[in-house]
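J.:
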């Protein structure tokens, strides 16, 4: 039985409620958001959670349409800022396929992120945009479109640009439907081997890119097979029956997902929130209104 | 326990395999497609299936990417043609919300349908497009966008245009995931009261529009609650447990759907097939290449 | 020599600077915007300007990206409000083709306009949205897509809905490139016979729809033929030569336009401004942030 | 007076009709298309035309909607094939901004190009797609979005992938409106210093990327300033007056373009033609129908 999730908080939950060696948890609350910090401190913890050593922050937010979003966005920006080196070029990569709605979170976030690496010298002075932190932005596409692993593209760019850090943004899968669109995960381990299960996401971390990699995302789907397995277990099915039931959710081998009917709106709002938080973390002197004019 | 489906073939299946009074079935096959005709012949049949008296054709097609699509498309066109009056204006309405991907089938089909009502007289002669059957096309939007029931909009247009028939195209929900994107339903009853369960689709039929109404569609989603109920039953849950499990699939009251990850591609291909079939049924002298140039 | 423009302020300018009988002008200024009111008071004025009797307000705004947009938007809302009856249903129609970028202003504005006609009774109470002014919204498409004149569609709806007024929103053409994206016209005459030159825009006014019709728009293009004629005259060409030069701007009979390279951004920003102004005029108790949540 | 054009055939025309040293021209015709080959053979020719030494093929095609497009597409594919090395990885880069309609030709072409570099081993065998020529595809975005020069991104990828050749696809500007959408240019010099005038296009050639670079494109716009200068001259204006007139076409320093009203359709059709020609040149055993299924 496989339950796919990209969220550390869910792999933690799947390991029971008892204390785990090599795993430290902290809980806090800000502006109505529950914030959980899971620190995986050694290999034992890493093995139990199937995740790399590092810190995973989960921000649980009531449905994304909230009026108080500026304060929440700033709290998010603060978390991102703490994970970033204090200065130096940051490369933002929006992963995923912009032509596949539930997978478009990364590219949409990238399109709203303020690139500044080229704003220098005379141009910077004449536009009043001097002393900006240098930022480069790319939406590299997916293997099926490009024939290249995202890791290959980013590694070759990192050799050239030598950024101080990379931020990757990607749509995620959660195990539970109630987390779709309502949870943000930020971690300092990049996207690592073994994260999730049955998970084709690329490996992007300090080992492959040579610099610190921060990964951010929002779950946009639950795999239909994961939902089916959960429902079978809730219904009291035996494991062997549950496996068969799980497979019945994906006929013809077509990947099926569970997602809100209003998936387009979810993607748009989540991309706006993530891009604003990134922009604010990198350029703290600007307001959301400034970014609306600068990025369009 | 509620299982939402817009397909007559599934409500038929839900009534067992025995013979039903007032329901006649025919099966045939063409170009690898299974074709089922369900004729509901009296009120008794209508009540059992929860559908209006009339004919429901279901075409089951292997995944929509097939190379033989022209022959299949022509077989579909033939079915549509048989339901239409031989001459007179036809009004095509593409129902649904073009900004919500799984609901965009109707508007996308409408945008590929060849409108001809305005091509007359000198223009018709000079472009070589004379003797076209008159066709009008509208994508009326959805209640939440317009503040108007689709039925209100179409009824007022029918009063004005006095078409010989209306064709409505809409995205559907099926009970089974294997039907998503692989089944086409065409019926001569329009969209009628009581079709489906928990179904907010508008009523559009001869009674409300005053002319024959043909309804066509492809299932693009399964309701998550429907999948959950099915899985609970397969897993051997009691009915009371199953209901609770069903509700767990829709947290926060958000409508959740099960759909292929590649939903954008499904919509694009299904809209192309439906629009070509409609165009061919109405203008049999033109080829798919002609329509590609005429509709763009 | 034909100069196409949809702006009353430009047809006024084309009649010289002297006083015109039947035409009264007022100038004012608000938040850095120049506001011109042209009142055509009798048939003599109407004939000279080639426009129907009524009031044409032109708001000239520095490039649309300004930081002060809320105050400006509210000033616009105030002008719209003054043209509307105090109560009763308002029907908003976003004219144009959403698949043709420079023509998508109307449909985009419609998609951001808050429809409320259906929010009544229990729903209104439970959502806290009671006492809303009833508003219906439609993007009827264009003749080539639908086979129906926009006027036919709106007239049949007006018979059914009996609105107190109609607001039509449409992309316009100006004579001068500097007005593209920087001018808003609001008038109480609808879209009338003879407005502009060589102008295929539909007639939508009190005569054809039976209720007051307010028309709003922003010029998004200059016809290439109009620019060519202007340049030929500036260059000192004789009229006969100028006509030939004008025609050279449109080879193969393809309609060519002059537009900013960033036309997509212009449309998006203008649609946001117009929709916010309309929403604010109709629902003065709500803020832009409220509309962002309500309309998505 | 500056006339921007990216077409060698137009810079040739601007140098009169006499013979030019270092420039050899050939004319032919295929399927109703005029084909011109301009060979710049030495530095003298390069200086006169402001273009690098190499071969520039111009294919003039009647409006892109023609029924005979398969034969034409194959003729184009043949020209591309002759410029490519016989084997080895080819990297396709679709330049431009997919959010700016007239600039979206490159990204749209890229999204329709068949990437194959990753289809190897077991996957290739099981899908019947073995012995494919390896192809990688990228839409790198534009400087304003990414903060990186297109040349930087492609150079770093070329170091990593070591392709046998690069094909860059980009929207172009022509001097004459009648060439917009009706001309295709293919050259073996990449995009070189000095091509065009006032031209911000990146330098992408053998010198900067280290491998042969083929550049392809279709003019999608005429700069408004270029049209204005041409019209002023046709109108008999003096050069000093013409310059002033030229500048009047671009108020507020906003880049204005002349383009067909149906620019969205032009981009879609040109991207389809270019991608099919590239796909056919690289995978001659496949048909357009195959690519429709493979690329979606």
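Residue numbers (our numbering), protein chains in the order written: chain A, 329 to 624; chain B, 329 to 624; chain C, 329 to 624; chain D, 329 to 624.
Backbone N, C-alpha and C fix where the C-beta goes; we use that ideal spot for every residue, glycine too.
Is it right to say residue 628(A) is buried, meaning 16 or more other beta carbons lie within 10 angstroms of its own, or is it exposed?
T.: Given a span of 329 to 624 for chain A in the structure shown, any question on residue 628(A) remains unanswerable.
J.: If I measure Cβ to Cβ from residue 353(C) and keep anything under 8 angstroms in the same chain, skipping five residues before and after, which residues do I get?
T.: Hits under 8 angstroms: 340, 364, 365, 366, 367.
J.: Taking only runs of the beta strand (DSSP E) that begin and end inside the stretch 535-586 of chain D, which ones reach a length of at least 3 residues, in chain order?
T.: Taking only runs of at least 3 residues, the beta strand (DSSP E) segments lying wholly in the stretch 535-586 of chain D are 541-551.
J.: Output yes if chain D places a C-beta closer than 8 angstroms to the C-beta of residue 527(A); else output no.
T.: Any answer about residue 527(A) is weak, because its pLDDT of 47 lies below 50 and its placement is not dependable; what the coordinates show is given next. Answer no: the Cβ-Cβ gap between residue 527(A) and chain D never drops below 8 angstroms.
J.: Quick one: measure Cβ to Cβ for residue 492(C) and residue 539(C), integer angstroms, because I've assumed they're closer than 8 angstroms.
T.: Their Cβ separation, rounded to whole angstroms, is 7 angstroms, which keeps residue 492(C) and residue 539(C) in contact under 8 angstroms.
J.: Using 10 angstroms around the beta-carbon of residue 451(B), count the other beta-carbons present and answer buried if the total reaches 16, otherwise exposed.
T.: It counts as exposed.
J.: For residue 617(B) and residue 397(A), what's the separation of their Cα atoms in angstroms?
T.: Whole-angstrom Cα-Cα distance: 50 angstroms.
J.: When you compare each of 465(A), 433(A), 383(A), 458(A) to residue 607(A) by their alpha carbons, which one comes out closest?
T.: Residue 465(A) is the option with its Cα nearest to residue 607(A).
J.: So, for residue 588(C): in the same chain, excluding its five sequence neighbours on each side, which residues have a beta-carbon less than 8 angstroms away from its beta-carbon?
T.: 508, 509, 594.
J.: Mind listing which residues of the stretch 443-455 of chain A have their C-beta closer than 9 angstroms to chain D's C-betas, in chain order?
T.: Flagged, chain order: 443, 444, 445, 446, 447.
J.: Which word fits residue 456(C), buried or exposed, when buried means at least 16 other C-beta atoms lie within 10 angstroms of its C-beta?
T.: Looking at its Cβ environment, which holds fewer than 16 other Cβ atoms inside 10 Å, residue 456(C) is exposed.
J.: Note down the Cα distance separating residue 536(D) from residue 421(D), rounded to an integer number of angstroms.
T.: Between residue 536(D) and residue 421(D), the C-alpha separation is close to 15 angstroms.
J.: So which residues on chain B does residue 427(C) lean against when the C-beta distance must stay under 8 angstroms?
T.: Result: 439.
J.: How about residue 482(B) and residue 463(B): do their beta carbons lie closer than 8 angstroms?
T.: Cβ atoms of residue 482(B) and residue 463(B): not closer than 8 angstroms.
J.: Tell me which residues share the same chain as residue 522(C) and place their Cβ nearer than 6 angstroms to its Cβ, disregarding the 5 neighbours each side in the sequence.
T.: Bear in mind that the predicted position of residue 522(C) carries a pLDDT of just 49, short of 50, making it unreliable; the figure below should be weighed with that in mind. Here the set comprises 378.
J.: When you compare each of 581(B), 551(B), 401(B) to residue 627(B) by their alpha carbons, which one comes out closest?
T.: Nothing about residue 627(B) can be read from this structure; chain B reaches only from 329 to 624.
J.: Can you list, in chain order, the residues of the stretch 453-477 of chain B whose Cβ is nearer than 8 angstroms to any Cβ on chain C?
T.: If the cut-off is 8 angstroms between Cβ atoms, the stretch 453-477 of chain B has 462, 463, 464, 465, 466, 467, 468, 469, 471, 472, 473, 474, 475, 476, 477 near chain C.
J.: Quick check for students: name the residue ranges of the beta strand (DSSP E) that lie wholly in the stretch 429-505 of chain D, counting only runs of 3 or more.
T.: Entirely contained in the stretch 429-505 of chain D, the beta strand (DSSP E) runs reaching 3 residues are, in chain order, 463-466, 493-501.
J.: Can you tell me which of the three DSSP states residue 367(A) falls into?
T.: Strand, per DSSP.
J.: Specify the secondary structure class of residue 517(C) as computed by DSSP and reduced to three states.
T.: Residue 517(C) falls in the coil class under three-state DSSP.
J.: Would residue 600(C) pass as a contact of residue 348(C) if the rule is Cβ separation under 8 angstroms?
T.: Against a cut-off of 8 angstroms, the Cβ pair of residue 348(C) and residue 600(C) comes out as no contact.
J.: Looking at the unbroken beta strand (DSSP E) that takes in residue 352(C), where does it start and where does it end?
T.: Its beta strand (DSSP E) spans residues 351-358.
J.: Name the two residues that bound the continuous alpha helix (DSSP H) containing residue 404(D).
T.: Run containing residue 404(D): 397-411, per the alpha helix (DSSP H) assignment.
J.: In whole angstroms, what separates the C-alpha of residue 612(C) from that of residue 474(D)?
T.: Spanning the two alpha carbons is a distance of roughly 40 angstroms.
J.: When the Cα of residue 490(C) is compared with those of 409(C), 355(C), 604(C), 417(C), which residue comes out closest?
T.: The residue with the shortest Cα to Cα distance from residue 490(C) is 417(C).
J.: Using 8 angstroms as the threshold, is the C-beta distance between residue 609(A) and residue 405(A) below it?
T.: Yes, these two residues count as a Cβ contact at 8 angstroms.
J.: Sort out for me which residues DSSP pairs residue 420(B) with in a bridge.
T.: Answer by DSSP bridge pairing, in chain order: 465(B), 495(B).
J.: Secondary structure at residue 382(D), three-state DSSP: helix, strand or coil?
T.: If DSSP states are grouped into helix, strand and coil, residue 382(D) belongs with the strands.
J.: Can you tell which of 533(A), 504(A), 505(A) has its C-alpha closest to the C-alpha of residue 516(A)?
T.: If we check each option's Cα against that of residue 516(A), 533(A) comes out closest.
J.: Start and end of the alpha helix (DSSP H) containing residue 604(A)?
T.: Note, residue 604(A): alpha helix (DSSP H), 591-610.
J.: Can you name the residues of chain B whose CB is closer than 7 angstroms to the CB of residue 484(C)?
T.: The contacting residues are 484, 485, 487, 488.
J.: What is the DSSP secondary structure of residue 588(A), reduced to helix, strand or coil?
T.: Strand at residue 588(A).
J.: Is the Cβ of residue 585(B) closer than 8 angstroms to any Cβ of chain C?
T.: Not closer than 8 angstroms to any Cβ of chain C, the Cβ of residue 585(B) fails to qualify, so no.
J.: Between residue 480(C) and chain B, is there a C-beta pair that is closer than 8 angstroms?
T.: With 8 angstroms as the cut-off, residue 480(C) counts as an interface residue toward chain B.
J.: Cα-Cα, which of 576(D), 360(D), 351(D) is closest to residue 369(D)?
T.: It is 351(D) whose Cα lies nearest to the Cα of residue 369(D).
J.: Have a look at 376(A), 399(A), 333(A) and flag the residue whose alpha-carbon is nearest the alpha-carbon of residue 660(A).
T.: A query on residue 660(A) cannot be resolved here, the shown segment of chain A reaching from 329 to 624 and no further.
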